[in-house]
Amino acid sequence: MKITKLKFMEPVPLTEMPDKLNEAYAALVTLKDLPLFKGTRPAKMMAYMATGLPIVYSGAGEGADLVKETGAGLVTPPEDEKALAEAVIWLADHPQTACEMGMQGRKFAEDHLDWNVLVKNWLHDVQELL
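Going by the UniProt record's numbering, 19 is the number at position 19 of the sequence shown; the sequence numbering is gapless.
In structure tokens form, the structure reads like this:
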């Protein structure tokens with residue numbers, strides 16, 4: 001296919017992920033079309049949001065809804081390779097919008113996923129129950 005800008009890499013240790021993600025222009029989350037995944041928010045998606053990368057989310061349910069609601073990227077139907085390819089190409093062709101999507105994801109991560117925020121919310125919920 002003469003594709004020159006696509007790189008498949010071997011798995012790397014978690015400690016190397018920041019450097020690898022720094023090389024990327026987008027993050028990819030793909031899920032099969034199974035009922036199990038409709039109620040999930042993949043952990044890697046949260047890490048991708050924190051990096052400020054726009055997300056291409058191929059799946060349905062909670063994770064897809066979060067990407068849409070936060071404006072953190074594009075969502076495609078699960079197991080739809082044509083839509084997935086179109087989303088990846090669209091982000092490459094629209095770098096300014098892709099950057100804005102990444103910033104939206106980063107803002108969500110800072111406002112809702114920061115450890116201090118999570119603990120504060122958890123403590124609030126415990127107090128409410130008591």
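For every residue, glycine included, the Cβ atom is placed at its ideal position computed from N, Cα and C.
Query - First through last residue of the beta strand (DSSP E) which encompasses A26 - result: Position 26 of the sequence shown, counted from the start, is the residue given in the question as residue 26. First-last for A26: undefined, no H or E at that position.
**Report entry** Runs of beta strand (DSSP E) wholly within the segment 45 to 78 (minimum 3 residues, chain order)
**Finding:** 55 to 58 and 73 to 76
Query - C-alpha gap between M9 and D111, whole angstroms - result: As a position in the sequence shown, residue 9 is number 9, starting the count at 1. As a position in the sequence shown, residue 111 is number 111, starting the count at 1. The alpha-carbon atoms of M9 and D111 are separated by roughly 32 Å.
Requested in this report: With DSSP collapsed to three states, give me the class of D111.
Outcome: Here residue 111 corresponds to residue number 111 of the sequence shown, with the count starting at 1. Helix, per DSSP.
Query raised in the report: For L21, which residues of its own chain have a beta-carbon under 6 Å away from its beta-carbon, when the five flanking residues on both sides are left out?
Result: Here residue 21 refers to the residue found at position 21 when the sequence shown is read from its first residue. For L21, where only same-chain residues beyond five positions count, the Cβ hits under 6 Å are T51.
**Report entry** Beta-carbon separation (whole angstroms), G102 vs P35, contact threshold 8 Å
**Finding:** Looking up residue 102 in the sequence shown gives position 102. Looking up residue 35 in the sequence shown gives position 35. Contact doesn't hold; Cβ gap of about 30 Å is too wide.
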